[in-house]
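This report concerns only the one structure given below.
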Amino acid sequence: MSGAAIEAVALVPGHGEGAPLRLDEPLSFWGGLDPESGEIIDRWHPQLHAKVAGRAVMMPAGRGSSSGSAALAEAIRRGAGPAAILVLERDPIVAVGALVAAELYGLECPVALVAAQDWDRLAAAGRLAVKAEGARATIRLEP
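One gets our numbering by counting positions in the sequence shown from 1 and adding 265 to each.
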């Protein structure tokens, strides 16, 4: 794979690739995402109706209920969840959802903590490949 790479902190291990979907605000997976379709259904969210399925979702942080972990894991199980999640702030609810999907269903959705100075560059890429192992994540940017 060619392209530039950005180093980040791995919060959940795994490998996932997809076009970036930059969210302007945090998203609650519980009530904010339809786990069957992967569509953002929070009527107040700026990206209402955007689909997260197979995307490298970029969100500043998670939001909301601890039930969001179950909703994220269910979306991943159904194939409607993100391929990877990039955050600017650590979020245990998001991490637990991805970990549950890996443990119960054998499905990976890496979660990485990225630096704010890399955010615009990541969002501008045509595709992101996230590989998270141990404490380190490498994000390859493709045109």
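Here a beta-carbon is modelled for each residue, glycine too, at the ideal position from N, C-alpha and C.
Report the three-state DSSP secondary structure of residue 297 (helix, strand or coil).
Start at 1 with the first residue of the sequence shown, and residue 297 comes out as number 32. Looking at residue 297 - three-state DSSP - the assignment turns out to be helix.
Would you mind working out which of 394, 364, 289 and 335 sits nearest residue 301, comparing C-alpha positions?
Translated into positions along the sequence shown, residue 301 becomes position 36. Of 394, 364, 289 and 335, the residue nearest in Cα terms is 335.
Would DSSP call residue 266 helix, strand or coil?
Counted from its first residue, the sequence shown places residue 266 at position 1. Interpretation of residue 266 is limited by its pLDDT of 44, a score under 50 that renders its predicted location unreliable; the figure taken from the coordinates is listed afterwards. Coil, per DSSP.
Classify residue 291 as helix, strand or coil using the three-state DSSP reduction.
If you number the sequence shown from 1, residue 291 lands on position 26. In the structure shown, residue 291 sits in coil (DSSP, three-state: anything other than H, G, I, E or B).
Could you work out which residue in 363, 326 and 374 is closest to residue 287 when comparing CA atoms only?
The sequence position of residue 287 within the sequence shown is 22, counting from 1. The residue with the shortest Cα to Cα distance from residue 287 is 326.
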